[in-house]
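Here the structure comes first, spelled out in structure tokens, and everything after it is commentary.
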Amino acid sequence: MYSKIMLPVDLNEEASWEKALPTALSLCQSFGASLHVVTVLPDYRMPLVGSYFPKDFAEKAHQAVSDAQHEFIREHVPEDITVQSVIVDGSPWEAIIKAAKQLEIDLIVMASHNKRKFVDYVLGPNAEHVVHHSKVSVMIVR
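All residue numbers for the sequence shown refer to the numbering used here, where the first residue is 2 and numbers rise by one.
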């Protein structure tokens, strides 16, 4: 049913993957699907933002996140699952949807985040936007 499953993760926030990862792994094993672990970085290349950072900051940030993501994969993803590390820039929900389209993802598995605002208790702002704007199925894991 699924051949490519995306798991968006915030490597600094365990809640972003703690419950969603086991679900994504189980689905990958059940369907023989590949796992695409996606981390979103702010777009440091925007002129307004970029002027506050050293010239090579974006490249160094990408390399640091890439290293951390590969370590995350080594620690948490079984070797029998085909996995791809993906790092994208921009607003989290927009970057997730764009990456899903580019990678031809069948299913996005993501955690719901509980923040302080009432509306965020229900789903979480990024998860809510992904659910509403994605053209592929989205599974929210609580």
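Even glycine gets a Cβ: it sits at the ideal position worked out from N, Cα and C.
* Around the Cβ of Ile9, are there at least 16 other Cβ atoms within 10 angstroms (buried) or fewer (exposed)? -> According to the sequence provided, residue 9 is Pro. The question's Ile does not apply to it. Its Cβ being crowded by 16 or more others within 10 Å, Pro9 is buried.
* Asked: Buried or exposed: which applies to Ser31, given that a residue is buried once 16 or more other Cβ atoms fall within 10 Å of its Cβ?
  -> exposed
* Quick one, which of Cys29, Ser135 and Ala21 has its alpha-carbon nearest Pro79's? -> Cys29
* Contacting residues, own chain, Cβ-Cβ under 6 Å from Val84 (five flanking each side not counted) -> Leu36, Ile74 and Val78
* **Alpha-carbon spacing of Glu129 relative to Glu19, whole angstroms** => 19 Å
* Best match in Ala62, Ala34, Ser4 and Lys56 for proximity to Leu12 [C-alpha to C-alpha] -> Ala62
* With a 10 Å radius around its C-beta and 16 neighbouring C-beta atoms as the bar for buried, classify Ser17 as buried or exposed. => buried
* Looking at the structure shown, is Thr83 part of a helix, part of a strand, or coil, going by DSSP? -> coil
* For Pro9, three-class secondary structure by DSSP -> strand
* **Alpha carbon of Asp57 to alpha carbon of Ala96, nearest angstrom** => 22 Å
* Asked: What residues are listed by DSSP as bridge partners for Ala1?
  -> With the chain covering only 2 through 143, there is no way to say anything about residue 1.
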